[in-house]
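Asks:
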Amino acid sequence: LVQAKPIGGLRLIDRNQADDKIIAALAEDGSYGEWRDIDDCPKLILERLQHYFLTYKQMPKEAARRVEIAGIYGRVEAQRVIKLSLQDYIDSYRH
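Start counting the sequence shown at 404; every next residue gets the next number (the numbering used here).
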């Protein structure tokens, strides 16, 4: 396990459902450890992440894009999304 800190996220819509992707930086990493918010992430890296999440489910020769990026958000919203997701999980699997 590694310690990572959320710096932001991508608000994805996949088949008309929210599918947020949290972007995190390794806490002790020499290259990325100082990143605190999505604005610290270089534009090229953010573009690569967006491209990946737009295409990673696409099958060869598939015409229609199944995923769209509805927004990009920073650390505060990422922390909120994590807390809401945890609560959804607890509510779904509590017996």
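Just so it is clear, CB atoms sit at the ideal spot from N, CA and C, and this is done for glycine as well. Note that the structure is predicted; figures quoted are calculated from it, not measured.
Is the CB-CB distance between P409 and I485 below 8 Å?
Replies: Closer than 8 Å, so yes.
Asks: Could you give the distance in angstroms between the alpha-carbon of D443 and the alpha-carbon of A481?
Replies: 15 Å
Asks: Please name the residue in R478, R483, Y492, I493 whose C-alpha comes closest to that of D440.
Replies: R478
Asks: What residue ranges within the segment 426-468 form continuous alpha helix (DSSP H) runs of no fewer than 4 residues, ordered along the chain?
Replies: List check, alpha helix (DSSP H) in window: 446-458.
Asks: What would DSSP say about D422, mapped onto helix, strand or coil?
Replies: The three-state reading of DSSP puts D422 in coil, since its state is none of H, G, I, E or B.
Asks: Return the chain-ordered list of same chain residues with a C-beta closer than 6 Å to the C-beta of G474, the five sequence neighbours on each side being excluded.
Replies: R414
Asks: Quick one: residues in its chain with C-beta nearer than 7 Å to the C-beta of A371, no 5 flanking neighbours on either side, listed in chain order?
Replies: The structure shown has nothing for residue 371, since the chain only spans 404 to 498.
Asks: Going by the beta-carbon positions, is the gap between R469 and D423 smaller than 8 Å?
Replies: no
Asks: For L404, which of helix, strand or coil comes out of DSSP?
Replies: If DSSP states are grouped into helix, strand and coil, L404 belongs with coil.
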